[in-house]
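Here UniProt numbering is used: position 7 in the sequence shown is 7, and no number is missing along the way.
In this text, a Cβ means the ideal position worked out from N, Cα and C, and glycines have one as well.
Model, not experiment: these values are computed from the prediction.
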Amino acid sequence: MKPSDLIILHIPTQNAGVFVHRLTEPHLVDQVLFEFFEASPKREAVLGAKSGAINWNFPGTAVHLPCSLLNDSDFIESLATFLEQASVESTKKLSEPDVSQHAIQHLDA
Numbered sequence: 001m002k003p004s005d006l007i008i009l010h011i012p013t014q015n016a017g018v019f020v021h022r023l024t025e026p027h028l029v030d031q032v033l034f035e036f037f038e039a040s041p042k043r044e045a046v047l048g049a050k051s052g053a054i055n056w057n058f059p060g061t062a063v064h065l066p067c068s069l070l071n072d073s074d075f076i077e078s079l080a081t082f083l084e085q086a087s088v089e090s091t092k093k094l095s096e097p098d099v100s101q102h103a104i105q106h107l108d109a
């Protein structure tokens, strides 16, 4: 990966974006940076915005790794598997409670 290269990924099922680029700072020149961020604001943030502006932190999470990992086939395979799985699995399953009708009836009793 050259210093001028930039990879941008959008993972709609996770409401996520990923920037991957090589760092150019002298002490980090052999590092590649992965920046993860929320692609769209949460509904609560939009509805709760008082001034019409949403306070949004960017990036959400970032990590830098040695560029040499991009030549490691095991790392690339694991990264590709993770990104593929993230692109097909929705976070809604994790954020919505799994409450059966039986449990609701039990609570109403």
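- Taking C-alpha positions only, Q14 is separated from S87 by approximately 7 Å.
- DSSP places A16 within a strand segment (E or B) once states are collapsed to three.
- By the neighbour-count criterion, in which 16 or more other beta carbons inside 10 Å mark a residue as buried, V46 falls on the exposed side.
- Under the DSSP assignment, L83 falls in the alpha helix (DSSP H) whose first and last residues are 73-88.
- For the set H27, M1, P66, I11, the Cα lying nearest the Cα of A39 is the one of I11.
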